[in-house]
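Residue numbering for the sequence shown is 0 to 1183, as defined by numbering that gives the first Met the number 0. Written out below as structure tokens is the structure these notes cover.
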Amino acid sequence: MGPDVPLLNDYKKDFFLKRFPQTVLGGPRFKLGYCAPPYIYINQIILFLIPWVLGGIGTLLYQLDILKDYHTAALSGGLMLFVAFVIQMTSLYARKKSVTVERMLNPDILTDEDEYESSGCADAETIKFIIPGKKYIVNTVFHSVLAGVTCGLGTWYLLPNRITLLYSNIGGTVVIFIFGWLTVCIGEYSLIINTATETATFQTLDTYEFTALMRPLYIIFFIAVDLAHRFTVNLPAIEQINQILHIFFVFLPILWAMGTLPPPDALFLWGMEQVLEFVLGGSPMSSHLRLIVMFLVSAGTAIASYFIPSTIGVVLFMTGFGFLLSLNLSVIGHSVLSGKIRQRAPDKYKTLHNNSKKQFGWRDYLFYFILLVLALVEASLLHIFVGFSAFTRTSPQTIVSYILMVLFIVTWLLREIQSVYIFGIFRNPFYPKDTRTVTVFLEKQTRLVKVGVVRRILLTLVSPFAMIAFLSLDSSLQVLHSVSVCIGFTRAFRMVWQNTENALLEMVVVSLMQLLIYNKDLWWNRNLDTGIRLLLVGMIRDRVLQFITKLQFAVAVLLTSWTEKKQRRKSTTTLITLNIVFLPVVMSFIVLSTLLSSPLLPLFTLPVFLVGFPRPVQSWPGPVGATACICPDTVYYEQMVPSLSAALGSAMAAGSLGLLLPGSHYLCRFQDRLIWILILERGYTYCCINIKGLELQETSCHTVEARRVDEVFEAAFEQEEYARALPLNEHFGNILTPCTVLPVRLYSDARNVLSGIIDSNEHLQAFKDDLIKVLVWILVRHCYKRNRTPKKLDETKNNGMPPLIRQPEWNNSPYPQDPNDSDSLNLETFDEWSDNDFFDDESTTKKDKKENGQLKVLPSPVLPIPGSVESQSTDANSTETISEDKLFKAVALGLPAVDKGKQVEMTHFPLLEFSCSHSQLLSIPEEWRSSCLPKSRINEMKQLFPEDWYKFVLSQLESFHPKENLSNILEDITKDEVLKDLYIHAVMSCYFSFFGIDSVVPSPSHIFRAYNSGINWSLGLDWLTEKPELFQQALKAFRYAFKLMLDKASLGPIEDFKDLANYLEEYEHDWYIGLVSDEEWQEAVLHEKPYLFSLGHDPNMGVYTGRILTLQELLVQVGKLNAEAVRGQWANLSWELLYATNDDEERYSIQAHPVLLRNLTVQAADPPLGYPVYSSRPLHVPLI
């Protein structure tokens, strides 16, 4: 697609031009797209102005000194409440009436979504169109009450005298009064008439009608500040805030239309995250429930510290709870719960244990207990015995601050040398240059691993105790019952453990400022305690980092719109010029989005920047990992996640992935796999992440960006030894910065063209010969495993008699034998041929099955029927139970139907016994004994049966009885002719089902179809498919034989039976040979079979291909993404799909962008907007 692909197609453009004015005005539909009666517009205008009219009545009475201001608010609010109820009842009546008189007409799906049929200005259809009404009765009442409250308070808020007192300017009063009431009317219309679709859309569906509350809630918030100003002591700060908010109140419709203000649900979650992180010292959480619980507990801790009467109690309380709340409490609780379940219900514990990600052991509990005790002891001793002193150059706190500075510099340097680039620009000279093989990389990384261990110890064990010493010695803790001290130090003591690196940076900055600023009368030193200083420094640190990354993202979007030729549109020059001319406006948007911690939204990913609404770190409303576009490729990501998580934990602990912050994004690459990683939560010695897998079947856009990702990683990791020491990052402007490579246990994917093997007559002929051997090997082993039971043979009470089986009676058929059977066999003769023989040859047509296929169990006058259900003698003197095996049940085929009421004499077949008593453990199932071949063909094909191989396979079986001589037993079994005949007929029948009776070399297409269980129809195939168990074993043997043919062609011929058996044993234990589409294939991947093989066909090239997956430890490349670039593109995606409904698969904003990785970023979004093929639940990764 070219760069000038339309941003919106014609239909979506018309739809957007109708929807946007509706959003601006709060719901009135003045642009319908068709000619509507005038009363449609007049009715909407009247409803829109009702709040202003009712408020104007109250305002007039106040200005005339008839009513007090609060009486005015009550009057306007009461009138609005009454009108709102009338409007809602009218809508409810119209909906019921329209349902009663609804016309039974087929709706026209091509009509406009807003088009309707009306016959009057006040008929039911008109009312339904203008006032859709509420879905729930509760909302009908609540929204009406809220409308009355909003109108009453809005009247009070916009009284002209009140505005004049704030500004002392008549012109300003008039402007604020007019446009302020316009804001109130917009909010009221959206609440009670028709809710407008908001540009700031967080939830995909507005199930509970929260969207209608958005605008009134913001109006009430502005009014609440004014009420605080009215009823509190005159404070200059509140008065100034009130003046500013009155001005912003006028611009609320613009902010709503631009989507800058968040909806209530997003505002609630975002607000809790910000307070938890920057006020209470916590971290954004991996789920909404965890966020709410942690917020309440953390707030309760800060409040409780306010009421502790002693300083030592405050220090111990803050230290202890700061440590405990920074731990992974959910995993600890899960471990405790599973321990109790293990004691009470072991079976349930196994299920819980298998589903859990990490189990805490006694060592973990002991480690954390020791740390807690040491922290409490240190804090109490320093607080009691060292005492408080002012921060001077020789005070104990100053000495500790010097130690913190050294720790910060050392840990920062040790972290930087762990990554491939320093500052993302210069290549690290200490990083291994050869990262192509795991062995070489691990050898060269030994020094960095040792450095990482040192850094881990300093960051995990040394730095927290140094920071606790710094806080415990602070003189601010002398002041009890101070809100600022409780909030500031509760946050500080928790940050020591929650995010040690950031806490270390904050304390170093505060210490430097204390040392550099000597003026004690300065605001920083006079009015702020250490805890609040740390809080402010933490917020500044976060906002500065956000500003830098947002600025990098904006510059990348602006520059690449011109430098990337495929991104250069006709409007590019104009947009760049406008950005330069209005640079202060653009910078103000970047600053505003930074202050709000909201994404910088590039409209349609063009250099047109807006401020997106603030939202949680996850960016999406649903539970993490709850949805994904599941496909066959999902299993490859699912298999690699445990190993990847462990490798990520080691890299994070060593510092190879840079500074770990919630909301950071990483991209991993291996062969055709792209893994997207999001950090959800950070705590002491753990990190919670979400791993997503992107599609493997690459589209054109996907391929372009994947190729650029490969180029970025190759430039970083595949450096030659003679390369210059500090090369620059050639792709510095890209949003992807390489970090490191990780050894991960996963499947490598290799595909080979099989031309020259599968089309070789020599190989195909050898394949036919090998197939018989593989069939023998498969069936013998399968029957042996199938028949083995814990019961010993010598325990069977058969009076010492050997197992019996019916003797073949080739000439006892009641039907005349077809003379053609003696000479040849073809498809036409199969339907007519029937023979009651040793193997109960069964007819293949439905008619023959019904007429001649009746199976009758024949009683024996002397002996119990071998294989019958266990029976008990009716003799009163004998209670002996006769054990019988189903596999040797004597049956007759083709006998006439017999009336149960009549006694008919039955034919009894002579029985033949196995020559070895152990042969029954190898006997084939009864349903396999029928044959699809006549006796003449069976005798001919006996010559193909490899008797030597058959004997060798039997000799490789396990011992039957440890006390007996194994060699003698196996020798007796190999001499059992009856058993051998069973296998000859079973093997050759399967062989005949695959290839028929001809000795022609099969074609490659025949091999491919048979491998894919798409064998051409034949009577032999019907016979085989009627026995699913045998069919699966035969298909398995066919695939093994095919893989054996490939191995012989590539590795050389097989010398003896032992080598052949080794090949087959390896296939059985280490390989899965089948199809990618098989369920067993996915199970084999999840169970980590070492090798998987499948046969495929490329229709474009007309060649057959072999695909081999090999499980091994390989290097996965990891890079860090610009988090603000991801958030900005996701914000645009949300706006474009949920508001503009621009779901065109070829839209501009989804086209490939090699620098912004636009297509990959869209894929990684949560469904339904994105389409990752795999998304994990929150994974708790240990960092120690």
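Ideal Cβ positions, reconstructed from N, Cα and C, are used throughout, including at glycine.
- For Cys738, the uninterrupted beta strand (DSSP E) segment begins and ends at Leu735 to Val752.
- Between Tyr1103 and Leu679, the C-beta gap is not smaller than 8 Å, which leaves the two residues out of contact.
- Per DSSP, Glu187 has no beta-bridge partner at all.
- The beta strand (DSSP E) runs lying completely inside the stretch 1057-1100 and spanning 3 residues or more are 1070-1073 and 1090-1097, given in chain order.
- From the listed residues Tyr1066, Val399, Ser644 and Trp776, the smallest Cα separation to Ala1033 is found for Trp776.
- Per DSSP, reduced to three states, the secondary structure at Leu503 is helical.
- Distance from the CA of Ala1122 to the CA of Gly423, rounded to the nearest whole angstrom, comes to 15 Å.
- Counting along the chain, the unbroken alpha helix (DSSP H) around His762 starts and ends at Asn760 to Asn786.
- Distance between Thr562 and Ser1174, taken at the CA atoms: about 35 Å.
- By alpha-carbon distance to Phe712, the top candidate from Asp541, Gly530 and Ser418 is Ser418.
- DSSP places Thr1104 within a strand segment (E or B) once states are collapsed to three.
- If you compare the alpha carbons of Leu457, Leu412, Ala199 and Pro463 with that of Ser325, the shortest gap goes to Pro463.
- Burial is judged here by how many other beta carbons sit within 10 angstroms of a residue's own beta carbon; Tyr10 has fewer than 16 and is exposed.
- Taking every protein chain shown into account, the CB of Ile222 has 16 or more other CB atoms within 10 angstroms, so this residue is buried.
- When DSSP states are grouped into helix, strand and coil, Ile56 belongs to the helix group.
- Spanning the alpha carbons of Ala1060 and Asn938 requires a straight line of approximately 27 Å.
- According to the DSSP assignment, Val1161 belongs to the alpha helix (DSSP H) that extends over Arg1157 to Gln1162.
- Excluding sequence positions up to five before and after Gln955, its CB lies within less than 8 Å of the CB of Ala1060, all in the same chain and listed in chain order.
- Following the DSSP letters along the chain, one finds His984 inside the alpha helix (DSSP H) bounded by residues Glu976 to Phe994.
- Beta-bridge annotation (DSSP): Val1117 is paired with Cys667 and Thr739.
- Spanning the alpha carbons of Tyr665 and Phe209 requires a straight line of approximately 34 Å.
- For Leu244, the uninterrupted alpha helix (DSSP H) run begins and ends at Pro235 to Val249, by DSSP.
- Assigned with DSSP and collapsed to three states, Arg681 falls in strand.
- By the criterion of a C-beta distance shorter than 8 Å, Pro945 is surrounded in its chain by Ile771, Lys772 and Val775, once the five residues flanking it on both sides are discounted.
- Judged by DSSP in its simplified three-state form, Thr391 adopts coil rather than helix or strand.
- Excluding residues up to 5 positions away in sequence, Met317, Thr318, Gly321 and Leu470 lie with their Cβ nearer than 7 Å to the Cβ of Phe492 in the same chain.
- If you compare the alpha carbons of Ala1083, Leu328, Ile1183 and Met494 with that of Phe277, the shortest gap goes to Met494.
- Ile243 and Leu234 have their C-alpha atoms roughly 15 Å apart.
- Taking a cut-off of 8 Å on C-beta distances, the stretch 1094-1114 touches the stretch 742-758, as three or more cross pairs fall below it.
- At a Cβ-Cβ threshold of 8 Å, His245 and Leu190 do not count as neighbours.
- For Leu582, there is no enclosing beta strand (DSSP E); the residue is found in the alpha helix (DSSP H) stretching over Leu582 to Leu594.
- Annotation for Phe1041: the continuous alpha helix (DSSP H) segment containing it runs Pro1027 to Leu1050.
- For the pair Ser992 and Leu1029, the Cα-to-Cα distance works out to about 12 Å.
- Within the same chain, and ignoring the five residues on either side of Ile531 in sequence, the residues whose Cβ sits closer than 7 Å to its Cβ are Ser483 and Gly487.
- Three or more beta-carbon pairs separated by less than 8 Å are not found between the stretch 1147-1159 and the stretch 608-617, which leaves the two stretches without contact.
- The straight-line gap separating the alpha-carbon atoms of Lys784 and Asp975 is approximately 19 Å.
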